[in-house]
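Top line first, the protein sequences correspond to chains A, B, C and D.
Under our numbering, the first residue of the first sequence carries the number 74, and numbering increases by one thereafter.
Under our numbering, the first residue of the second sequence carries the number 74, and numbering increases by one thereafter.
Under our numbering, the first residue of the third sequence carries the number 74, and numbering increases by one thereafter.
Under our numbering, the first residue of the fourth sequence carries the number 74, and numbering increases by one thereafter.
The beta carbon of each residue, even a glycine, is placed where N, CA and C say it ideally should be.
Note that the structure is predicted; figures quoted are calculated from it, not measured.
4 protein chains.
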Amino acid sequence: MAEELSFPTGLGTSDATTISLLGQDLAGDLMGQVGFGELAFWLVARRRPTRGETRVFEAVLVALADHGFTPTAIAARLTYLSAPEALQGALAAGLLGGGSRFLGVTEDCARFLSQALDDADKRDSYDEIALKAVRATRRVPGLGHPVHKVEDPRTPVLIRIAKEEGCYGPHLALFEAVGRVHPKKLPLNGAGVCGAALADLGLPVDLLRGFALLARAAGLLGHLAEERRHPIGMDVYLTVDRNAVYEP
Amino acid sequence: MAEELSFPTGLGTSDATTISLLGQDLAGDLMGQVGFGELAFWLVARRRPTRGETRVFEAVLVALADHGFTPTAIAARLTYLSAPEALQGALAAGLLGGGSRFLGVTEDCARFLSQALDDADKRDSYDEIALKAVRATRRVPGLGHPVHKVEDPRTPVLIRIAKEEGCYGPHLALFEAVGRVHPKKLPLNGAGVCGAALADLGLPVDLLRGFALLARAAGLLGHLAEERRHPIGMDVYLTVDRNAVYEP
Amino acid sequence: MAEELSFPTGLGTSDATTISLLGQDLAGDLMGQVGFGELAFWLVARRRPTRGETRVFEAVLVALADHGFTPTAIAARLTYLSAPEALQGALAAGLLGGGSRFLGVTEDCARFLSQALDDADKRDSYDEIALKAVRATRRVPGLGHPVHKVEDPRTPVLIRIAKEEGCYGPHLALFEAVGRVHPKKLPLNGAGVCGAALADLGLPVDLLRGFALLARAAGLLGHLAEERRHPIGMDVYLTVDRNAVYEP
Amino acid sequence: MAEELSFPTGLGTSDATTISLLGQDLAGDLMGQVGFGELAFWLVARRRPTRGETRVFEAVLVALADHGFTPTAIAARLTYLSAPEALQGALAAGLLGGGSRFLGVTEDCARFLSQALDDADKRDSYDEIALKAVRATRRVPGLGHPVHKVEDPRTPVLIRIAKEEGCYGPHLALFEAVGRVHPKKLPLNGAGVCGAALADLGLPVDLLRGFALLARAAGLLGHLAEERRHPIGMDVYLTVDRNAVYEP
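And the structure:
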């Protein structure tokens, strides 16, 4: 069976003498001239970020890279303990926990804000939009934090950086309004404010979890490097196994 | 059963008002001041890279981020096609191909060079060390490329950047010597030279695959963003399925 | 810090001379006396299935084990091509496609039927319940098939086996009623009828995807064994790569 | 570009009215007539096992299905805690630990025995072959167990079942000989004897890890079902996190 096949892509291509990426000459135009975070933004958004956008974007990645012994970090370390020859498996195991509960807030918060902005009466102030959105939902993603009960230290810093770089837009404004009008006076958490900032950078809401995963990939590598030098995986395993209690 | 438990880490910790990462105040000292690539280096190496080291390191990540429709990129897109609600699964599936054949060269090349340097007679020149190492092995990892048969365009650029930043060390020097003395006159490929450059930055050889995986994570996000906008996964699947031939 | 730790489990425990699983002596009571499918049912449901239940359950697993070159099978083969030294990664990559679109129907269909039964007026016939449920939904999971447009050959066989073994219950009855009353006269597909059969076995709806994954694990091993003997992964990759077209 | 494409497979194919698997009519010949373990064997070995072979094979799968709170089971539970909406990710994370250390013994033991048999002088007795093989290696895979220091209860049972079914062959015979001649008098562990039994069934040594993974998939589903009903993942996480100690 003969057919005309065509698989379009705007990413990488190569021939005998050149490698192109995003329509650029990889060696001549990108290596040494584009930062890694900048390239990650460009790969997803298909436009090169400005210097200010890059700073906000990298601040988000830095904010999300690691949170110590999260369930995903522990899962990665246990997988490395069991299969140290396949680093990719340990990293993948860690990323697979990047779902709704522990890494989803960034995307969920941005989706909540984005939806509220889409639905808003254009004459309403941010506080009015926020009040309506808060009343229409059971739980606002990105509000409140189990540890940082008064203020998440990442929140004011990211808002300041976004303002410094001219990247403070409607999502961050609405999120701040949500914090003001919400009856429970809960702090805006860092994962949520990261989502608002990424949405203000024009990144697609459906892929924001992807940036949280990229950030976490760096954090997980840090954990795996530490597990290699100073392992705790065996102790975690033995702590659980030795305290196992049979219950029919 | 009561026991004294202690899980040491040098990465992240937090309390009600602060988040620390690598002994720094995450919000005050890192966000907006440290680039993402710089942080990834720091997390693994446990030391902050200099500005020049960061430039070399990010050039490596940029060089390794994407190579178009690799098996891993196709696997990630097919997984996204099947389970679009779990982006983390598609990313993980792509990374799981980061093993010996398609992503292992970076680490394998660095290990080969590192071993040759460890074994070398200190009075030997790089060409002499290279000649002995080449003769003692069946195949040098990082030598030759199926497409870039004369020169991999990434190679001279990365060597130049390393020299510009004062990061050209024994691994790159030995790899260039290998290229000079090898009887087959094969080009030094980009993945190999990246491994040599990372080793010259003092990064642990056993974890170099991790940096290739981090770089590839950005490339895979680019593929998944493209698959969302302009999918090819279904066409790949149908191309295979419609041309399936039963052979007992 | 000292604490009382206790991790309860009803699965496996062991000491120097015995291994227990599910409260049984693994070596004395299970090995050689319990089939693998039977054990899988027992592990999830926490009760040993009868001989008839086991036959229905294994018929479902056999029905779902393989469907040729699915996206998940291709993803597993491409991952094996890239990292042949880590079979677990190739298997995991294949399973990661077991999400909403290609493997979710089994669970989704059971959930739809289960919900309709919960909501039903107890005086209604199955056809009446089916009609109300069909009218209340946009799309019934498990109805229709892209290839088996008239009848999925697995459907009548599984219904017959369930009846033979006394395991034909309300979920299968309602699913057949859905087929009768639905205006489009679409066939009941095999994945859907498997979901109905598993629900009639009393297995928890939220975990039915798990059985589809277990079945698929066996199919994926078949693909990986075939990829080892008679590879097609490289051809898939080259077919895509050689027909890549750059589109900005 | 037009090309002749052909992707051969001996597994599944289908058309509008039939589904074939392994050259059989899936609905007519396999469902309800072939057990799941039997099918898994057939998919990999490409021959239908006898009733006796199936019993030995399923005894192996039952023996390997679960070992309580292993690192892989804990990793799966932590991943389920973080991303409960993606069961496939939790299962995949658990399988990714199926590498060299915790699940590799089965395959490694079979490879050791297989190599020793290949290298053997045909006039040697099993004890003589065993003695040479033991002397030539640093560590015999499958010998010794951290908990079952005197005897692994699975070992005599699996050997008995293999003998009952006429499946006791050179690998099991040699493994028993290894146990007799080894100077340390270590017990033959269950994972190792499973590898020897699978090799005696004629299954390819390079894929034996795959059967350990399939068995473990069932065990992991049991853990995930238990985690859903009676979770311990959060307690594991909190135990680690609350006892984290910062060490620069």
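Boundaries of the beta strand (DSSP E) harbouring THR82(D): 80-82, taken from the DSSP string. Within the same chain, and ignoring the five residues on either side of ASP194(C) in sequence, no residue has its Cβ closer than 6 Å to its Cβ.
Short of 7 Å from the beta carbon of PHE130(D), and not among the five residues preceding or following it, lie these beta carbons of its own chain, in chain order: GLY110, PHE114, PRO122 and LEU274. ASP98(D) and LEU287(C) have their C-alpha atoms spaced approximately 21 Å apart. The beta-carbon of SER79(A) is placed less than 8 Å from the nearest beta-carbon of chain C. For ALA269(D), the closest of HIS244(D), PHE80(D), ASP191(D) and ILE202(D) by C-alpha to C-alpha distance is HIS244(D).
The beta carbon of TYR310(C) lies closer than 8 Å to those of LEU151 and LEU154 in the same chain, with the five residues before and after it left out.
Close to chain C, meaning a Cβ-Cβ distance shorter than 9 Å, are the following residues of the segment 300-318 of chain A: THR312, VAL313, ASP314, ARG315, ASN316, ALA317 and VAL318. For PHE142(A), at least one C-beta of chain D is nearer than 8 Å to its own C-beta. For ALA166(A), a Cβ of chain D is located within less than 8 Å of the residue's own Cβ.
The C-beta distance from GLY217(D) to PHE248(D) rounds to 13 Å, too long to fall under 8 Å, and the pair is not in contact. GLU299(C) has its alpha-carbon roughly 12 Å from the corresponding atom of PHE142(C). For secondary structure counted as the beta strand (DSSP E) over 3 or more consecutive residues, the segment 248-283 of chain C holds no complete run.
If you check each beta-carbon in the segment 89-116 of chain C against every beta-carbon of chain B, none falls closer than 9 Å.
Looking from the CA of PHE185(A), the closest CA among GLU77(A), ALA209(A) and PRO226(A) belongs to ALA209(A). In the three-state scheme derived from DSSP, where H, G and I count as helix and E and B as strand, ALA136(D) is classed as helix. Assigned with DSSP and collapsed to three states, SER87(D) falls in strand.
CA-to-CA, the gap between GLY171(D) and GLN161(A) works out to about 13 Å.
Under the Cβ criterion of 8 Å, GLN161(D) is counted among the residues facing chain B. No Cβ of chain A is located within less than 8 Å of the beta carbon of LYS257(B). Taking 8 Å as the cut-off, the beta carbon of THR145(D) is found no closer than this to the beta carbon of GLU320(B). The C-beta separation of LEU164(A) from LEU168(B) comes to about 6 Å, placing the pair in contact by the 8 Å criterion. If you compare the alpha carbons of LEU204(D), ALA290(D) and CYS182(D) with that of LEU271(D), the shortest gap goes to CYS182(D). Across the set ARG227(C), ALA235(C) and ARG212(C), the C-alpha of ARG227(C) shows the shortest separation from the C-alpha of ALA136(C). GLY171(A) belongs to the set of residues whose beta carbon lies under 8 Å from a beta carbon in chain D. Under the DSSP assignment, LEU94(D) falls outside any alpha helix (DSSP H), being part of the beta strand (DSSP E) whose first and last residues are 92-94. In this structure, ASN316(A) lies away from SER87(C), with their beta-carbon atoms at least 8 Å apart.
Rounded to whole angstroms, ALA285(D) and LEU294(C) show a C-alpha spacing of 11 Å. Closer than 8 Å to the CB of PHE248(C) there is not a single CB belonging to chain B. Taking the Cα positions, ASP200(B) is about 28 Å away from GLY105(A). Under the 8 Å criterion on CB atoms, PRO226(A) is classed as interfacial with respect to chain B. Between the alpha carbons of GLY292(C) and HIS303(C) lies a gap of roughly 16 Å. Contacts with chain C (Cβ-Cβ distance below 8 Å) from the segment 277-293 of chain D involve PRO277, ASP279, LEU280, ARG282, GLY283, PHE284, LEU286, LEU287, ALA288, ALA290, ALA291 and GLY292, listed in chain order. Taking C-beta separations shorter than 7 Å and ignoring five residues to either side along the sequence, the partners of ALA189(A) in its chain run ILE202, ALA206 and LEU247, following chain order. Taking C-beta separations shorter than 7 Å and ignoring five residues to either side along the sequence, the partners of GLY242(D) in its chain run ASP273, following chain order.
Not one beta carbon of chain A lies nearer than 8 Å to the beta carbon of ALA149(C).
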